[in-house]
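S.K.:
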Amino acid sequence: MSTFIEIAFLVLMLGSAMCLYRIGRGPSAPDRTVAIDILGTLVVGFCCLMALWTGQGYYINIAIAWALLSFIGTLALAKYLEGRTYDA
Amino acid sequence: MLETLAWIVVGVGLAFDLFGCLGLVRLPDVYNRAQAATKCVTLGTCMMLIGVVLWAFAQPSAPVAMAVKAILCTAFILLTSPVGAHAVVRGAYLSGVPLWDGSVEDAFVDRARAIRDAQTTEGAADREKA
Numbered sequence: 000m001s002t003f004i005e006i007a008f009l010v011l012m013l014g015s016a017m018c019l020y021r022i023g024r025g026p027s028a029p030d031r032t033v034a035i036d037i038l039g040t041l042v043v044g045f046c047c048l049m050a051l052w053t054g055q056g057y058y059i060n061i062a063i064a065w066a067l068l069s070f071i072g073t074l075a076l077a078k079y080l081e082g083r084t085y086d087a
Numbered sequence: 000m001l002e003t004l005a006w007i008v009v010g011v012g013l014a015f016d017l018f019g020c021l022g023l024v025r026l027p028d029v030y031n032r033a034q035a036a037t038k039c040v041t042l043g044t045c046m047m048l049i050g051v052v053l054w055a056f057a058q059p060s061a062p063v064a065m066a067v068k069a070i071l072c073t074a075f076i077l078l079t080s081p082v083g084a085h086a087v088v089r090g091a092y093l094s095g096v097p098l099w100d101g102s103v104e105d106a107f108v109d110r111a112r113a114i115r116d117a118q119t120t121e122g123a124a125d126r127e128k129a
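Note that the protein sequences, when read in sequence, are chains A and B.
Using numbering that gives the first Met the number 0, you'd call the opening residue of the first sequence number 0 and step up by one each time.
Using numbering that gives the first Met the number 0, you'd call the opening residue of the second sequence number 0 and step up by one each time.
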């Protein structure tokens, strides 16, 4: 099963690379914000894979904390975007 | 048996994650990207967490704490990820990011204009007070 987990890590890294492409390239600020949100959710997936790989439960704690902080950060960025006009 | 099911669920979740990120790269404007990526990645990550739950119950030591925390995390992501995406897209619309040329309907345009007018009149009243 370790081969499966290695392939799974590669798949998630490919997804993260796509998110980073959108963060760097994204024509507007909301594009980048959406990509940051998605990247935060992908990190939770990485924590799941680490938990499966090592068999340790505490990686799930990291996943919960990361999901919380990612949500708060996304909401803060969204409120910031609302009061701001479009400047590419 | 249960462990095989866990690996299958994790694999399907990974596929959803990958296709969601593909949507983030390939789709034309921020609204399409946000909805495709948020739905796929939320479901994919929740399936991976459910795979962790199944895997935990398949172990002879059965780490129940791990399973319960994974269920909590699943519920949390299912609640918060759509809310965050909705807030970001609302902020994108109110800050004036244009829709894609091929969009056929814009149901939020009147409401958004009302919100903007309310903001500007409130701002004007505040400025007069000050």
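Cβ coordinates follow ideal geometry from the N, Cα and C atoms, glycine included.
So, using beta-carbon positions, are ILE59 of chain A and LYS68 of chain B closer together than 8 Å?
M.R.: yes
S.K.: Quick one: measure Cβ to Cβ for LEU48 of chain A and ALA7 of chain A, integer angstroms, because I've assumed they're closer than 8 Å.
M.R.: 6 Å
S.K.: Note down the Cα distance separating ALA62 of chain A from ARG21 of chain A, rounded to an integer number of angstroms.
M.R.: 23 Å
S.K.: Less than 8 Å between the C-beta atoms of ASP109 of chain B and LEU98 of chain B, yes or no?
M.R.: no
S.K.: Counting C-beta neighbours from all protein chains within 10 Å, is the total for PRO29 of chain A 16 or more, i.e. buried, or is it exposed?
M.R.: buried
S.K.: Do the segment 37 to 47 of chain A and the segment 33 to 51 of chain B make contact, defined as three or more Cβ pairs closer than 8 Å?
M.R.: yes
S.K.: Output yes if chain A places a C-beta closer than 8 Å to the C-beta of PRO27 of chain B; else output no.
M.R.: no
S.K.: Since THR32 of chain A meets chain B, which of its residues come closer than 7 Å, beta carbon to beta carbon?
M.R.: VAL87, listed in chain order.
S.K.: In chain A, which residues lie with their C-beta within 8 Å of the C-beta of GLY19 of chain B?
M.R.: GLY14 and ILE37
S.K.: On the criterion of 16 or more Cβ atoms from any shown chain inside 10 Å, does VAL63 of chain B qualify as buried, or is it exposed?
M.R.: exposed
S.K.: Report the neighbours of LEU68 of chain A on chain B: residues whose CB is nearer than 8 Å to its CB, in chain order.
M.R.: Result: empty, since nearest Cβ-Cβ is about 11 Å, beyond 8 Å.
S.K.: Just the chain B side, please: which residues come within less than 8 Å of GLU81 of chain A by C-beta, in chain order?
M.R.: ARG89, GLY90, LEU93 and SER94
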